[in-house]
Amino acid sequence: MTGGPVAKITKRSEDYSQWYIDIVTRAEMADYAPVKGCMVIRPWGYAIWERMQRALDDMFKDTGHSNCYFPLMIPQSFLAKEAEHVEGFAPECAVITHGGGKLLDEPLVIRPTSETIIWAMYKKWIQSWRDLPLLYNQWANVVRWEMRTRLFLRTSEFLWQEGHTAHATSKEAMEEAERILGIYRTFSEQWMAMPVLSGRKSEGQKFPGADTTFTIEALMQDGKVLQAGTSHYLGQNFAKAFDVQFQNRDGQLEYVYATSWGVSTRLVGALVMTHSDDAGLVLPPKLAPVEVVVIPILKADADNAGILAAAYRVAEPFGDDVRVRVDDRDNVSPGWKFNEWELKGVPIRIEIGPKDLEKQQVVLVRRDTGKKTPTPMDAISFQVPGVLEEIQDGLMKKAKERLEAGCRAADTYESFQKAMDEVGGFIYAPWCGSRECEDRVSEETKATIRLVPDTAEDCGVCMVCGKGPAKRVPFGRAY
RNA sequence: CGGGGCGUAGCUCAGCUUGGCUAGAGCGCUUGGUUCGGGACCAAGAGGUCGGUGGUUCAAAUCCACUCGCCCCGACCA
1 MTGGPVAKIT KRSEDYSQWY IDIVTRAEMA DYAPVKGCMV IRPWGYAIWE RMQRALDDMF
61 KDTGHSNCYF PLMIPQSFLA KEAEHVEGFA PECAVITHGG GKLLDEPLVI RPTSETIIWA
121 MYKKWIQSWR DLPLLYNQWA NVVRWEMRTR LFLRTSEFLW QEGHTAHATS KEAMEEAERI
181 LGIYRTFSEQ WMAMPVLSGR KSEGQKFPGA DTTFTIEALM QDGKVLQAGT SHYLGQNFAK
241 AFDVQFQNRD GQLEYVYATS WGVSTRLVGA LVMTHSDDAG LVLPPKLAPV EVVVIPILKA
301 DADNAGILAA AYRVAEPFGD DVRVRVDDRD NVSPGWKFNE WELKGVPIRI EIGPKDLEKQ
361 QVVLVRRDTG KKTPTPMDAI SFQVPGVLEE IQDGLMKKAK ERLEAGCRAA DTYESFQKAM
421 DEVGGFIYAP WCGSRECEDR VSEETKATIR LVPDTAEDCG VCMVCGKGPA KRVPFGRAY
């Protein structure tokens with residue numbers, strides 16, 4: 001393929017939403033599928049997801065989790081066993097009524113999440129305290145019949161991982177839920193270079209079937225916020241619904257304590273919205289499918305064979321440490337390649353032309369700053385790892401500054417609404433803790449309580465009802 | 001489900017108001033040649049049941065009816 005996008009992408013200042021769509025489609029991360037609300041994840045987008053998977057999977061394994069796989073189809077009755085769960089998910093389930101040309105005795109739902117089928121199995125596998133904890137994870141696809149979809153951020157079918165653990169004590173399960181939240185936070189910050197706020201969800205925002213939901217929340221460039229990952233302490237809700245009991249050390253029967261947690265391909269969308277600019281995608285090196293692209297610049301009157309050889313020689317010493325690609329296509333011009341790789345977000349470009357060959361140097365260009373640095377050819381392989389680190393850190397620093405600038409405080413409902421309309425972001429405002437006040441804010445301003453920080457300070461009276469005591473919690477308009 | 005938009009070449013679209021000759025452009029694609037340090041150029045080509053069905057008419061991409069689909073904005077949500 002020498003073709004591809006020629007048109008410029010929409011500027012963020014003109015139409016943020018269109019800018020996002022342009023980047024995702026023109027960087028060939030994803031395309032609309034023939035099925036409404038569904039997308040095809042193309043190789044460039046999938047490679048980013050694979051990088052994410054690998055990093056997360058390593059962290060899950062390092063904390064004692066094992067991967068497994070449960071079926072896509074769940075008997076409809078399973079979903080109904082947990083009251084809040086069915087209420088939350090039934091409306092958005094795809095249901096299979098026929099198979100093999102016959103009406104099924106019982107319809108099957110395509111999993112919107114797998115708690116129910118997993119707990120049906122856990123009932124078989126758990127009898128004793130010695131069987132616990134069960135620390136399982138699966139990488140899977142799920143389907144939720146969403147009304148309004150958006151590439152990567154919300155599609156009818158999406159890819160994710162879902163962890164499902166079973167524990168002998170409440171304390172242990174709660175620790176697990178918090179441990180995973182920590183993993184999500186670490187991954188987000190260290191791999192995605194995406195700073196987040198973390199904490200508990202309010203009653204109104206928690207997962208259907210959970211006692212406590214922990215969340216990480218990120219700030220996008222347009223001032224909207226995004227839930228990037230959740231970890232749930234499920235208490236004994238699913239154990240009771242599926243009658244999963246174990247005998248404890250004292251010989252007593254007890255219901256198992258549970259957690260579930262997940263992150264999805266939404267993270268790819270979050271990545272786009274966190275770092276990218278009007279020239280296209282900007283990838284943090286750790287998640288970039290290609291970290292360095294080497295572009296030989298060939299000319300009619302130059303030593304093209306020498307330039308090509310030099311390009312390969314420059315790429316060679318990186319070995320497995322750095323993901324390098326030499327773009328030796330001869331059917332597109334260097335300028336075309338520059339634009340294409342910028343659009344695709346590759347962190348470092350190395351140019352080698354006749355002038356460079358003469359001076360035994362290359363030109364190193366950073367995607368994040370656009371800065372061009374002539375570098376001696378024999379020094380490049382030593383310098384690149386450091387520059388990649390600088391880019392990774394620089395992206396984090398910039399994103400962190402934006403997050404900090406995006407966190408503001410408001411004391412009155414009026415100033416809160418004003419701040420929400422003018423700048424968005426996370427507005428910290430006093431809230432009494434009641435569902436009524438939370439719902440009223442949500443209805444009137446479309447902003448929701450993103451989380452309740454563990455360290456939330458007491459701060460006088462609620463901005464809505466005027467009653468105290470109130471805690472300061474961040475509100476935001478979410479994707 | 002409400003509001004808006006769009007279905008004509010792989011992509012972006014023009015043509016439709018006021019029906020008419022062989023349905024067009026740019027980009028992309030193929031072949032050959034010259035190029036190549038920020039989206040190169042020349043030449044020759046390939047590529048279309050104008051979303052679908054029905055109707056009006058001598059004649060429909062164009063007018064009428066019905067219908068299908070997708071995208072964007074909003075309500076719901078990872």
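Taking my numbering, the leading residue of the first sequence gets 1, the next gets one more, and so forth. Glycine residues also receive a C-beta, built at the ideal position from the N, C-alpha and C atoms. All figures in this text were calculated on a predicted structure; none of them were measured in a lab.
Please state whether the Cβ-Cβ distance between Asp243 and Lys123 is less than 8 Å.
Counted from its first residue, the first sequence places residue 243 at position 243. Counted from its first residue, the first sequence places residue 123 at position 123. Result yes, Cβ atoms of Asp243 and Lys123 sit closer than 8 Å.
Suppose you measure from the CA of Gln245 to the CA of Gln76; what does that come to, to the nearest Å?
Reading the first sequence from its first residue, position 245 is the one you call residue 245. Reading the first sequence from its first residue, position 76 is the one you call residue 76. C-alpha separation (whole angstroms): 23 Å.
Quick one: give me the first and last residue of the alpha helix (DSSP H) that Thr373 is part of.
Position 373 of the first sequence, counting from 1, holds the residue named residue 373. Segment 372 to 376 is the beta strand (DSSP E) holding Thr373; no alpha helix (DSSP H) there.
Taking only runs of the beta strand (DSSP E) that begin and end inside the segment 214 to 274, which ones reach a length of at least 3 residues, in chain order?
With a minimum length of 3 residues, the continuous beta strand (DSSP E) runs that stay inside the segment 214 to 274 are 225 to 235, 245 to 247, 253 to 255, 257 to 264.
By the DSSP assignment, the beta strand (DSSP E) with Pro296 in it spans what residues?
For the purposes of this step, residue 296 is taken as residue 296 along the first sequence, with counting starting at 1. From DSSP, the beta strand (DSSP E) with Pro296 extends over 292 to 296.
Can you tell me which of Ala239, Cys68, Ile352 puts its alpha carbon nearest to the alpha carbon of Gly209?
As a position in the first sequence, residue 209 is number 209, starting the count at 1. When only C-alpha atoms are compared, the closest one is Ala239.
I need the boundaries of the beta strand (DSSP E) containing Lys471, first residue and last residue.
What you label residue 471 is simply residue 471 of the first sequence in a count that begins at 1. From DSSP, the beta strand (DSSP E) with Lys471 extends over 471 to 476.
Identify which residue in Asn141, Ser128, Ala241 has its Cα closest to the Cα of Arg249.
Counting from one through the first sequence, the residue named residue 249 turns up at place 249. Selected option, being the one with the closest Cα: Ser128.
Starting from His164, follow its DSSP beta bridges and name the residues at the other end.
As a working mapping, residue 164 is identified with position 164 in the first sequence. According to DSSP, His164 bridges with Tyr136, Ser260.
Please work out which residues of its chain come closer than 7 Å, Cβ to Cβ, to Cys38, disregarding the five sequence neighbours upstream and downstream, and give them in chain order.
The residue given as residue 38 occupies position 38 in the first sequence. Thr155, Ser156, Glu157.
Roughly how many angstroms lie between the CA atoms of Leu226 and Tyr20, to the nearest whole one?
Looking up residue 226 in the first sequence gives position 226. Looking up residue 20 in the first sequence gives position 20. Between Leu226 and Tyr20, the C-alpha separation is close to 14 Å.
Quick one: what does DSSP say Met73 is sitting in, helix, strand or coil?
As a first step, residue 73 is located in the first sequence; it is residue number 73 there, counting from the start. Met73 falls in the strand class under three-state DSSP.
In its own chain, which residues sit with a C-beta less than 8 Å from the C-beta of Thr412, not counting the 5 before and 5 after it?
Within the first sequence, residue 412 is the residue found at index 412, counting from 1. Met463.
In the DSSP assignment, the beta strand (DSSP E) including Phe426 goes from what residue to what residue?
Reading the first sequence from its first residue, position 426 is the one you call residue 426. Taken as a continuous stretch (DSSP letters only), the beta strand (DSSP E) holding Phe426 covers 426 to 431.
For a test of the three-state rule: what should DSSP assign to Lys8, helix, strand or coil?
Counting from one through the first sequence, the residue named residue 8 turns up at place 8. Coil at Lys8, not helix or strand.
How do the segment 228 to 237 and the segment 103 to 111 stand: do at least 3 beta-carbon pairs fall below 8 Å, yes or no?
No contact exists between the segment 228 to 237 and the segment 103 to 111.
Hey, is the segment 42 to 56 in contact with the segment 78 to 94, meaning 3+ C-beta pairs nearer than 8 Å?
At 8 Å Cβ cutoff, the stretches do not touch.
Please report the Cβ distance between Met192 and Leu287, rounded to the nearest whole angstrom; I am assuming they are in contact, meaning their Cβ atoms lie under 8 Å.
Taking the first residue of the first sequence as position 1, residue 192 is located at position 192. Taking the first residue of the first sequence as position 1, residue 287 is located at position 287. So it is a contact: roughly 7 Å between Cβ atoms.
Helix, strand or coil, according to DSSP, for Ala310 in the structure here?
By 1-based counting over the first sequence, the position of residue 310 is 310. Correct three-state label for Ala310: helix.
Kindly identify the DSSP beta-bridge partner or partners of Ala30.
Counting from 1 along the first sequence, the entry for residue 30 is found at position 30. For Ala30, which the question treats as bridged, DSSP gives the partners Ile41.
Between the alpha carbons of Glu189 and Val290, how many angstroms are there, rounded?
Stepping through the first sequence from its first residue, residue 189 is reached at position 189. Stepping through the first sequence from its first residue, residue 290 is reached at position 290. If I take the Cα positions, the gap works out to 20 Å.
Mapping DSSP to helix, strand and coil, what is Phe497?
With the chain represented from 1 up to 479, any question about residue 497 goes unanswered, as that position is not in the structure.
Per DSSP, what are the beta-bridge partners of Gly199 in this structure?
If you number the first sequence from 1, residue 199 lands on position 199. Looking at the DSSP assignment, Gly199 forms a beta bridge with Thr215.
Once DSSP output is grouped into helix, strand and coil, what is the label at Ser381?
Position 381 of the first sequence, counted from the start, is the residue given in the question as residue 381. Ser381: helix per DSSP, three-state reduction.
Where does Glu358 fall in DSSP's three states?
Numbered from 1 along the first sequence, position 358 holds the residue referred to as residue 358. If DSSP states are grouped into helix, strand and coil, Glu358 belongs with the helices.
Under the rule that 16 or more other beta-carbon atoms within 10 Å means buried, what is Met420, buried or exposed?
Here residue 420 corresponds to residue number 420 of the first sequence, with the count starting at 1. Counting Cβ neighbours within 10 Å, Met420 comes out buried, since at least 16 surround it.
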